[in-house]
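Novice: Have a look at this one.
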Ligand SMILES: Cc1ncc(COP(=O)(O)O)c(C=O)c1O
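Numbering (this note's numbering), first residue to last: 21 to 449.
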């Protein structure tokens, strides 16, 4: 059995729900040198073009536009497709997918979600179609896939356009094809909290070349030099943001692999709990593991778990909340009970690059071995009746080699597993 440090000697640090990836400073500096050499800061400079070219190739698309953020991407998408009237959309997304519809003077009409994916349920879409419907705007929630085939069938049958909000979808593929490539237009967000980011940023991926030409102009005030074509907006992004994107892109395979490891560790820890459920990516989805939502069986239990985690300096987030059909500025005509239930019971747990190996400790063989922050196990404890073990000095052990210890440290600093017995071969915080 190890001897352990006094737990009170452990420096406790707030664990945020996410933390932005930063590349090694020298890599970013090399791009800054290029900016300083050219004095080209914005307006479709060489780094923006380089980022766009790389992403076009990686995603296998012809028309890719780097823009200021994921919200302007949605707004330009709605404009470029000349949508009007009603847009059938998901109640389970970030507010930007609804507010973009409103800003473009269209009406969001909600169809409920499929609880297995948290994405819009195609079965509900057809019921909402009227003669005023012009499009479907769906979100690939948490990097899970919308039922793209069913949505395509419905859209074709009723002559509707399809926009996918792919803010969570970068790095996920369905049947070998990036999720960012479906629909008439797919948009992305490259905000600092996203799995791939450019600090602030977003993208618009367009299928039709004529629509692509409109997007190109709309992004830059609607004119090309002295020639004015349409009423556009400022949707551009800068060389500095592109530089960050190019750096992050170089590290994207490591980011994905790291995220998968963390996600899998959580999944094994929580998969068989009685009073909460997890999303399971379907077989044909190559998943980006971007978020780890836990759906509790009641709002009260979720709030309590959130509070318990906070007391342990762990910030878990209600994401998404509220269900968008409950927003105060929405008519409330289409109530979506599944979305409301999930939005009131979901908690997403901390996950970010490096989270799983931030803390190192000596194990019984004396080797340094990365372990996950032990506190993340506490929802498990809370949920399964081990609540009694939660105490300032108790910690739970997760090895990054997949072994998961569910236990605590007893008053004699011995590790207790599942409430009984001492356990050898453990390292702990
Ligand atoms: C699903 C979804 N859509 C749209 C957005 C808006 O993106 P941005 O913050 O880049 O404007 C976000 C950002 O969090 C999002 O999560």
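All C-beta atoms in this analysis are idealised placements derived from N, C-alpha and C, irrespective of residue type, glycine included.
This one's a predicted model, so the numbers in the text were calculated from it and none came from an experiment.
Could you tell me the distance, in whole angstroms, from the CA atom of residue 148 to the CA atom of residue 100?
Specialist: 23 Å
Novice: Quick test of your reading: residue 17 and residue 106, contact by CB under 8 Å. State the CB separation rounded to the nearest angstrom.
Specialist: Only positions 21 to 449 of the chain appear in this structure, which leaves residue 17 out of reach.
Novice: Should residue 114 be counted as a contact of ligand 1 given a C-beta to heavy atom distance under 7 Å?
Specialist: yes
Novice: Considering only heavy atoms of ligand 1, does any lie closer than 7 Å to the CB of residue 117?
Specialist: yes
Novice: If you drop the 5 nearest sequence neighbours on each side, which residues of the same chain put their C-beta closer than 6 Å to that of residue 36?
Specialist: 335
Novice: Starting from residue 121, trace the alpha helix (DSSP H) both ways and give me its first and last residue.
Specialist: 115-123
Novice: With distances taken between CB atoms, is the gap from residue 231 to residue 203 smaller than 8 Å?
Specialist: no
Novice: Where does residue 80 fall in DSSP's three states?
Specialist: coil
Novice: Please state whether DSSP places residue 98 in a helix, a strand or coil.
Specialist: helix
Novice: From residue 62 to residue 276, what does the alpha carbon distance come to, in whole angstroms?
Specialist: 29 Å
Novice: Would a C-beta distance cut-off of 8 Å place residue 121 and residue 180 closer than the cut-off?
Specialist: no
Novice: Measuring alpha carbon to alpha carbon, tell me which residue in 89, 267, 349, 118 is nearest residue 49.
Specialist: 267
Novice: For residue 187, is the beta carbon positioned less than 7 Å from some heavy atom of ligand 1?
Specialist: yes
Novice: Closest to residue 110 by C-alpha separation, out of 367, 341, 67, would be which residue?
Specialist: 341
Novice: Helix, strand or coil: how does DSSP classify residue 194 here?
Specialist: When DSSP states are grouped into helix, strand and coil, residue 194 belongs to the strand group.
Novice: Which ranges would you report for the beta strand (DSSP E) in the segment 40-90 if only whole runs of at least 3 residues count?
Specialist: 83-87
Novice: With 16 other CB atoms within 10 Å as the buried threshold, where does residue 273 fall?
Specialist: exposed
Novice: Report the partner residues of residue 313 according to the DSSP bridge assignment.
Specialist: BP columns for residue 313 point to 368.
Novice: Going by Cα to Cα distance, which pick from 91, 306, 322, 309 is closest to residue 297?
Specialist: 322
Novice: Identify, in the order they occur along the chain, each residue of the same chain with its Cβ nearer than 8 Å to the Cβ of residue 243, setting aside the five sequence neighbours on each side.
Specialist: 237, 249, 252
Novice: Can you tell me whether residue 257 is buried or exposed? The criterion is at least 16 other CB atoms within 10 Å of its CB, across all chains shown.
Specialist: Around the Cβ of residue 257, a 10 Å sphere holds 16 or more other Cβ atoms; the residue is buried.
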